[in-house]
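Colleague: One structure follows; several queries about it will come next.
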Amino acid sequence: MATIQTQGYTLDDSGKRIVVDPITRIEGHLRIEVNVDKDNVIRNAVSTGTMWRGLEVILKGRDPRDAWAFVERICGVCTGVHALASVRAVEDALGILIPKQANVIRNLMHSTLYAQDHLVHFYHLHALDWVDVVSALSADPKKTSELAQSISPWPNSSPGYFREVQNRLKKFVGSGQLGIFANGYWGSKAYKLPPEANLMATTHYLEALDFQKDIVKIQTIFGGKNPHPNWLVGGVPCSINVDGAGAVGAINMSQLNMIGDIINRTIEFIDQVYIPDLLAIASFYKDWAKIGGGLSGQNVMSYGEFPDIANDYSNNSMLLPSGVILGGDLKKVHDVDLKAADQVQEWVTHSWYKQGDETKGLHPFDGVTDPNFVLGAKTKGTRTNIENLDESAKYSWVKSPRWKGNPVEVGPLARYIVAFARGNKEITEQVNMVLKTLDVPVTALFSTLGRTAARGLEASWSAHKMKYFFNQLMANLKAGDFATANVEKWEPSTWPTEAKGVAPCEAPRGALAHWVKIKNTKIESYQCVVPTTWNAGPRDARNQIGAYEAALMNTPMVNPAQPLEILRTIHSFDPCLACATHVMSPEGEELVSVKVR
Amino acid sequence: MRVEPVSGRVISGPLEDVYVYEAPVRLWHWVTMLCIIALGVTGYFIGSPPPAIGGEAYDHFLFGWIRMVHESAGVILVVAFLVRIYWAVMGNHHARSIFYVPLWSGEWWKALKDQGLYSLFLKRESQLWVGHDPIAQASMFFMFTLGALFLCVTGLALFAEQWGWGTYWMMWFGWVFVLFGDPQMVRTLHHLAMWYMVLFAFIHIYMVFREDIMSGGSVIGTMVNGIRMFKREPRA
Amino acid sequence: MNDTYYELMRRRGISRRSFLKFCSLTAASLGLGDAGAQQIAQAMQTKPRTPVIWLEGLECTCCSESFIRSAHPLAKDVVLSMLSLDYHMTLSAAAGQQLRENALETIAKHKGNYILAVEGNPPLAEDGMYCIYYGRPFVEVLREYAKDAKAIVSWGSCASWGCIQAAKPNPTQATPVHKVITDKPVIKVPGCPPIAEVMTGVLTYILTFDRLPDLDAQGRPKMFYSQRVHDKCYRRPHFDAGQFVEKFDDAGARQGFCLYKVGCKGPVTYNACSTVRWNEGTSFPIQSGHGCIGCSEDAFWDKGSFYDHLTTLTVPGLAGVEGTADKIGLTVLAAAGAAVAAHAAVSAIKQARSKTRNDQVSEVEK
Chain A
280 MATIQTQGYT LDDSGKRIVV DPITRIEGHL RIEVNVDKDN VIRNAVSTGT MWRGLEVILK
340 GRDPRDAWAF VERICGVCTG VHALASVRAV EDALGILIPK QANVIRNLMH STLYAQDHLV
400 HFYHLHALDW VDVVSALSAD PKKTSELAQS ISPWPNSSPG YFREVQNRLK KFVGSGQLGI
460 FANGYWGSKA YKLPPEANLM ATTHYLEALD FQKDIVKIQT IFGGKNPHPN WLVGGVPCSI
520 NVDGAGAVGA INMSQLNMIG DIINRTIEFI DQVYIPDLLA IASFYKDWAK IGGGLSGQNV
580 MSYGEFPDIA NDYSNNSMLL PSGVILGGDL KKVHDVDLKA ADQVQEWVTH SWYKQGDETK
640 GLHPFDGVTD PNFVLGAKTK GTRTNIENLD ESAKYSWVKS PRWKGNPVEV GPLARYIVAF
700 ARGNKEITEQ VNMVLKTLDV PVTALFSTLG RTAARGLEAS WSAHKMKYFF NQLMANLKAG
760 DFATANVEKW EPSTWPTEAK GVAPCEAPRG ALAHWVKIKN TKIESYQCVV PTTWNAGPRD
820 ARNQIGAYEA ALMNTPMVNP AQPLEILRTI HSFDPCLACA THVMSPEGEE LVSVKVR
Chain B
19 MRVEPVSGRV ISGPLEDVYV YEAPVRLWHW VTMLCIIALG VTGYFIGSPP PAIGGEAYDH
79 FLFGWIRMVH ESAGVILVVA FLVRIYWAVM GNHHARSIFY VPLWSGEWWK ALKDQGLYSL
139 FLKRESQLWV GHDPIAQASM FFMFTLGALF LCVTGLALFA EQWGWGTYWM MWFGWVFVLF
199 GDPQMVRTLH HLAMWYMVLF AFIHIYMVFR EDIMSGGSVI GTMVNGIRMF KREPRA
Chain C
3 MNDTYYELMR RRGISRRSFL KFCSLTAASL GLGDAGAQQI AQAMQTKPRT PVIWLEGLEC
63 TCCSESFIRS AHPLAKDVVL SMLSLDYHMT LSAAAGQQLR ENALETIAKH KGNYILAVEG
123 NPPLAEDGMY CIYYGRPFVE VLREYAKDAK AIVSWGSCAS WGCIQAAKPN PTQATPVHKV
183 ITDKPVIKVP GCPPIAEVMT GVLTYILTFD RLPDLDAQGR PKMFYSQRVH DKCYRRPHFD
243 AGQFVEKFDD AGARQGFCLY KVGCKGPVTY NACSTVRWNE GTSFPIQSGH GCIGCSEDAF
303 WDKGSFYDHL TTLTVPGLAG VEGTADKIGL TVLAAAGAAV AAHAAVSAIK QARSKTRNDQ
363 VSEVEK
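Next up, the structure:
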């Protein structure tokens, strides 16, 4: 078997092949295949997006003011991020400026999602990789209480409280119907928490499940529902009226109070439950600060997010800065230009699409998405019953985006590294606090654990920013600023015949942008390059591997039949696959691509 | 006076006045006309509401009135239509003519061709007709009768929506939504059918005036007093 | 030992008295009377948890996300005490092979007694390989798991109608579940996503009464989908008054006027949004100032802009020619007007000529 050298890794597919399909506790459909050597260390990793919906053809010819609703359905977990990227892109194309308050409300909605999405990810999508639910049954509730009280002032921490939860779990497990916990990897040697920590974390799993639904009520107030709140080109759809006639018909004092209350409770929950749990769990898994780093120590990218100044998406305004770091050089941060033809490009060499010259990448404004489901010669199994994929040929519905030809990692960790390198004070302080608490070097960031920690820190940062945005909202209201939508260019008759636009966005999972072209008031082409495409994408024409594959490399597994280690690292990225897929045109005409995160 | 029985063409004299439209038919005609005017105007406003008015909701019921007029006129139209169907059975030969087109009759096709040539100015003068001429009968059937039937059914279905699924109304009209896929499509088609009816009314009014002046028989007066009077002899 | 809902409530400090009160309130709200209350109480005290296999096809996971937003009952309680959610892509601890074993075990143990919940839908083009499960087409797995199910719950508009990926031109040939599985009862719970409490409400109804809910002609539970958003909308008085929002954030918008003129689809959408509302009754789209986009209706993506309330029709045979009913009507009417005018003009000339001729004839006769 030939080995491949790339980015400092040696890909060797000679060992035993392990397939994990489907990967659970993610959004969408993902398959991972790895080869392990005789010591059960991963020596080759293959990441395959296994679904494709084709939203881009569907968008062709639609009203650009409607596009947000279509693309919002790319993903229901990080709900709303595509809608936000969409309205920003359409506004950029049509030259629409949104009112100050609309910007604040969008920031508030978006930071709300950050807080809720990160919380749900940590407890419901990721925690079971580290927490043994069955072990929690043997915990001493009194000691659990002591542990909880030693790390946090959170009031739900009495021995009786933990005993109650434990009894409930005992009954649940005793019923023989384990439901969502059925057939987990309980008892594996890879689990290292003492029973008390397991009970505490399992309790908080349930508490977080109850609480997360409250956080999103902020989106419900401004957008009417969650998942999938409503947005508006030119601002936000909600009007504000605090003291005029009919105030109860708009955003009013009672709802503003509710928002303020939810924000306070969100800050409390994240700072008193999420962060202490994260640090407590991390302290038992410090070995994972050396595993799963993948591209994070080399190439990371952020588009920047949370514009403090309405309509300004430059680093002058972004609270989380944009930038690219290459080769792990934190001293040099490259600037991102989404319109530059040589920066963001996508390859389909190993993806189930075809284009003229597959050794070249295409900028999203010129992208082609023409599906081509073919399997390589070394595939095991049949076309509709695949046992092992052949990664030397096409093997994923996800494309391979590259920045100036480089694979990069995106996500909370990438944002934090960029912000750190750009000298952002708040972020630097947070990072230093964690490094100090866990007593690990800065390189510990570049790991599975680092990724998970960065997400937790960002959840806390977002919760506090919710408050910041809410205070801005109230201050503006006091100054008499009520405008939430700019409808000057609402009517299509006011638009130019042709326009194109793109604007940056950072979804909870990483860098996101939509490229839209408008012609005769209809969408001419629409493309999204989404975070999970950056991370989950297959190899490119030069055989460079993407973030998932890189992060899995050289990971030791306790028991290859139980893919716990694979889940840990993959989950640390918070995959969202519904998206990472393009769209096509019916007869293979040129098309646009909508990938969704 | 000899009359061809299917098409109603007067074959030869001596001419006499004929009692064509009985009182229920005439009454129905004018009631329906009023309903259609009311339905058209209010229906248009339901599709494109007038500019918003301010103030408190309890001070106004403008749109409610518009809809109430629309729905009332609609219900009257439906009832009148049902009575009309009853009369088609009970009344004279002419009471039935808008409910069918005698496609099976060679005489009728011949008459249609004749009247068609006349309408296209390829023939100088029209035949005399006791009831509807063939073009009038076809347009009454295809545009008015079928159009009105479609409007009544979709209108009643939209009316039924206010009661919701599981009610008698929906038991009778729920199939309309299943047939057309969804309520919005039913609304849109109902709206489109309104234009079809407006188109009919437009052509209808033009033709009756024209024929009243140019054909050999009375037209407008017939719908007032029911009697067809002839002004000249039939032509070959 | 099975954990029943009653035991759960007792453990949470709810007395038997309050428990029975809860049952009678539930029964009353469902219109069931005393006998119903006893039935609910009985069911909650003795029922073991019903196994559920929850598959995800082409979808965005918004249905699962909505499900965990349920407040009454809490998603936690549904999962721990009411159902046995044995297979769930987003929540299950097990992955890969271990997850597959869960499904197989549930099917073997509970043949004919488990519920198959489907979020998303199967694509049929490209041999079904636009959605791959275990290296196989999703549609195969769906058929396999549906075979021994008691009933199928189609979550959301994807499973019920096709939704976004089935919007024109439906490149993957995404197909709603009931068109693939035709030999099982299918309960459609549409919406993008459905309301959390509607989802848990449908499930708890099935568990409590041990029967499937009464469905309307399109397969939706009547209890939540028999009336339009418009029928119980709190802005309805403004609709009747003729008070509309003309543009976003205008004076009417700030007073909560009716959104009909900015395209609200409430009058054509069957859903419980205006009554149950969203996220524990916090709000719903119309309340937040944006019209309903009709997300629980079939093909709501393909009816023209969300900001028009009538469908944009495509004129058959004229590719790319689109219009609303008004445009089409006016165009045809204008054409008819021109034809009539021409016809009238020719008629007038003819009439004049024939009159002249008649006059001449009369003169000759004289």
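Chains as they are written, first to last, in this note's numbering: chain A, 280 to 876; chain B, 19 to 254; chain C, 3 to 368.
From the three backbone atoms N, C-alpha and C, an ideal C-beta is built for every residue, glycine too.
Against chain C, does B/Val216 count as a neighbour if the rule is that its beta carbon must be under 8 Å from one of theirs?
Modeller: Position 198 of the second sequence, counted from the start, is the residue given in the question as residue 216 of chain B. For B/Val216, the answer is yes, since a Cβ of chain C falls inside 8 Å of its Cβ.
Colleague: Starting from A/Ile588 and walking both ways along the beta strand (DSSP E), at which residues does that stretch end?
Modeller: Taking the first residue of the first sequence as 1, we reach residue 588 of chain A at position 309. Unbroken run through A/Ile588: none, as it is neither H nor E.
Colleague: Please report the distance separating the alpha-carbon of A/Leu609 from that of A/Met580.
Modeller: Within the first sequence, residue 609 of chain A is the residue found at index 330, counting from 1. Within the first sequence, residue 580 of chain A is the residue found at index 301, counting from 1. So the alpha carbons of these two residues sit roughly 12 Å apart.
Colleague: Let me know the secondary structure DSSP gives A/Ser772 once reduced to three states.
Modeller: For the purposes of this step, residue 772 of chain A is taken as the residue at position 493 of the first sequence. Reduced to three states, the DSSP call for A/Ser772 is helix.
Colleague: So the candidates are A/Ile696, A/Tyr827, A/Lys569, A/Pro508; which of them puts its Cα closest to the Cα of A/His389?
Modeller: Position 110 of the first sequence, counted from the first residue, corresponds to residue 389 of chain A. Of A/Ile696, A/Tyr827, A/Lys569, A/Pro508, the smallest CA-CA separation from A/His389 is found for A/Pro508.
Colleague: Is DSSP giving B/Phe195 helix, strand or coil here?
Modeller: Position 177 of the second sequence, counted from the first residue, corresponds to residue 195 of chain B. It is helical.
Colleague: Just the chain B side, please: which residues come within less than 9 Å of C/Asp251 by C-beta, in chain order?
Modeller: Along the third sequence, read from residue 1 onward, the residue named residue 251 of chain C stands at position 249. Those do not exist, as C/Asp251 stays about 14 Å from chain B at its closest Cβ, beyond 9 Å.
Colleague: Relative to the C-alpha of A/Cys401, which residue among A/Ala487, A/Gly333, A/Ala427 is closest?
Modeller: Position 122 of the first sequence, counted from the start, is the residue given in the question as residue 401 of chain A. For clarity, residue 401 of chain A is Phe in the given sequence; the question names Cys instead. Among A/Ala487, A/Gly333, A/Ala427, the Cα nearest to that of A/Phe401 belongs to A/Ala487.
Colleague: Examine the Cβ distances between the segment 189-199 of chain B and the segment 253-267 of chain C and report whether three or more of them are shorter than 8 Å.
Modeller: no
Colleague: Answer with yes or no whether the minimum CB distance from C/Lys170 to chain A is below 8 Å.
Modeller: Within the third sequence, the letter at position 168 stands for residue 170 of chain C. It does: the Cβ of C/Lys170 has a partner Cβ on chain A nearer than 8 Å.
Colleague: Got a sec: is the Cβ-Cβ distance from C/Glu67 to anything in chain B below 8 Å?
Modeller: Locating residue 67 of chain C in the third sequence gives position 65, where the first residue counts as 1. Chain B, which has no Cβ nearer than 8 Å to the Cβ of C/Glu67, makes this no.
Colleague: What residues from chain D crowd round B/Gln155, counting only those whose CB sits closer than 9 Å?
Modeller: No chain D appears in this structure, whose protein chains are A, B and C.
Colleague: Would you mind reading off the limits of the beta strand (DSSP E) that contains C/Thr90?
Modeller: Numbered from its first residue, the third sequence carries residue 90 of chain C at position 88. The question names Thr, but residue 90 of chain C is His in the sequence shown. Its beta strand (DSSP E) spans residues 85-90.
Colleague: Whose C-alpha, out of C/Glu107, C/Asn281, C/Pro173, is nearest the C-alpha of A/Thr648?
Modeller: Sequence index remark: in the first sequence, residue 648 of chain A carries index 369 (1-based). Selected option, being the one with the closest Cα: C/Pro173.
Colleague: Grab me the residues of B/Pro32's own chain with a C-beta within less than 8 Å of its C-beta, minus the 5 sequence neighbours each way, in chain order.
Modeller: The residue labelled residue 32 of chain B in the question sits at position 14 within the second sequence. Hits under 8 Å: Met19.
Colleague: Since A/Gln284 sits in a beta bridge, which residues does DSSP pair it with?
Modeller: Within the first sequence, numbered from 1, the residue matching residue 284 of chain A stands at position 5. Its beta-bridge partners are A/Thr289.
Colleague: Excluding five sequence neighbours on each side, which residues of the same chain lie with their C-beta closer than 6 Å to the C-beta of C/Ala127?
Modeller: As a position in the third sequence, residue 127 of chain C is number 125, starting the count at 1. Here C/Ala127 has Thr174, Gln175 as same chain residues with Cβ atoms under 6 Å from its own Cβ, once five neighbours each way along the sequence are excluded.
Colleague: For the segment 453-465 of chain A, which residues have a CB atom closer than 7 Å to at least one CB atom of chain C, in sequence order?
Modeller: Residues passing the 7 Å Cβ filter: Gly453, Ser454, Gln456, Gly458, Ile459, Phe460, Ala461, Asn462, Gly463.
Colleague: Closest to C/Val204 by CA distance: which of C/Tyr136, C/Gly130, C/Ser72 is it?
Modeller: Within the third sequence, residue 204 of chain C is the residue found at index 202, counting from 1. The residue with the shortest Cα to Cα distance from C/Val204 is C/Ser72.
Colleague: So C/Thr313 contacts chain B; which residues on that side make the cut at Cβ distance below 7 Å?
Modeller: Here residue 313 of chain C refers to the residue found at position 311 of the third sequence. Ordered by position in chain B, the residues that pass the 7 Å Cβ test against C/Thr313 are Gln202, Met203, Thr206.
Colleague: List the whole-angstrom C-beta distance separating A/Asn319 from A/Asp291, where the pair is believed to meet the contact cut-off of C-beta under 8 Å.
Modeller: Position 40 of the first sequence holds residue 319 of chain A. Position 12 of the first sequence holds residue 291 of chain A. Cβ atoms of A/Asn319 and A/Asp291 stay farther apart than 8 Å, at about 14 Å.
Colleague: Extract the residue ranges of the alpha helix (DSSP H) inside the segment 192-236 of chain B, only unbroken runs of 4 or more that lie entirely within it.
Modeller: List check, alpha helix (DSSP H) in window: 201-232.
Colleague: Check for me: the beta strand (DSSP E) holding C/Tyr236 runs from which residue to which?
Modeller: Within the third sequence, the letter at position 234 stands for residue 236 of chain C. First-last for C/Tyr236: undefined, no H or E at that position.
Colleague: Quick one: give me the first and last residue of the alpha helix (DSSP H) that A/Tyr464 is part of.
Modeller: Indexing the first sequence from 1 puts residue 464 of chain A at position 185. Counting along the chain, A/Tyr464 falls outside any alpha helix (DSSP H), and DSSP gives it neither H nor E.
Colleague: Is B/Tyr224 close to chain C? Criterion is C-beta to C-beta, closer than 8 Å.
Modeller: Reading the second sequence from its first residue, position 206 is the one you call residue 224 of chain B. With 8 Å as the cut-off, B/Tyr224 counts as an interface residue toward chain C.
Colleague: Which stretch, first to last residue, makes up the beta strand (DSSP E) that contains A/Glu625?
Modeller: For the purposes of this step, residue 625 of chain A is taken as the residue at position 346 of the first sequence. Counting along the chain, A/Glu625 sits inside the beta strand (DSSP E) bounded by residues 623-626.
Colleague: Across which residues does DSSP place A/Glu335 in a beta bridge pair?
Modeller: Counting from one through the first sequence, the residue named residue 335 of chain A turns up at place 56. A/Glu335 is not bridged to any residue.
Colleague: Name, please, each residue of chain C whose Cβ falls closer than 9 Å to the Cβ of A/Leu488.
Modeller: Residue numbering aside, residue 488 of chain A sits at position 209 when the first sequence is read from its first letter. Taking the beta carbon of A/Leu488 as reference, the chain C residues within 9 Å of it are Ile70, Leu76, Ala77, Lys78, Val81, listed in sequence order.
Colleague: Determine the direct distance from the alpha carbon of A/Thr391 to that of A/Val495, and round the result to whole angstroms.
Modeller: Position 216 of the first sequence, counted from the start, is the residue given in the question as residue 495 of chain A. Position 112 of the first sequence, counted from the start, is the residue given in the question as residue 391 of chain A. CA-to-CA, the gap between A/Val495 and A/Thr391 works out to about 7 Å.
Colleague: Could you tell me which chain B residues have their CB closer than 9 Å to the CB of C/His292, listed as they occur along the chain?
Modeller: Within the third sequence, numbered from 1, the residue matching residue 292 of chain C stands at position 290. Under the 9 Å cutoff, chain B gives no residues; its nearest Cβ is about 17 Å from C/His292.
Colleague: Would C/Lys234 pass as a contact of C/Ser276 if the rule is Cβ separation under 8 Å?
Modeller: Here the question's residue 234 of chain C lines up with position 232 in the third sequence. Here the question's residue 276 of chain C lines up with position 274 in the third sequence. A contact, by the Cβ cut-off of 8 Å.
Colleague: So the alpha helix (DSSP H) C/Glu67 belongs to, where does it begin and stop?
Modeller: Within the third sequence, the letter at position 65 stands for residue 67 of chain C. That run of the alpha helix (DSSP H) goes 64-69.
Colleague: Indicate whether A/Trp769 and A/Gly513 have their beta-carbon atoms separated by less than 8 Å.
Modeller: Counting from 1 along the first sequence, the entry for residue 769 of chain A is found at position 490. Counting from 1 along the first sequence, the entry for residue 513 of chain A is found at position 234. Yes, the Cβ-Cβ distance between A/Trp769 and A/Gly513 is below 8 Å.
Colleague: Would you mind giving the Cβ-Cβ distance between A/Pro650 and A/Tyr674, rounded to the nearest angstrom? I have them listed as a contact below 8 Å.
Modeller: Your numbering for residue 650 of chain A matches position 371 in the first sequence. Your numbering for residue 674 of chain A matches position 395 in the first sequence. The distance from the Cβ of A/Pro650 to that of A/Tyr674 is about 14 Å, inconsistent with a contact at the 8 Å cut-off.
Colleague: Chain C beta carbons: is any one of them nearer than 8 Å to that of B/Arg228?
Modeller: One-based indexing of the second sequence puts residue 228 of chain B at position 210. For B/Arg228, the nearest beta carbon of chain C is closer than 8 Å to its own beta carbon.
Colleague: Could you spell out where the beta strand (DSSP E) holding A/Ile321 opens and where it closes?
Modeller: The residue given as residue 321 of chain A occupies position 42 in the first sequence. It spans 321-328 - the beta strand (DSSP E) in which A/Ile321 sits, taken as one unbroken run.
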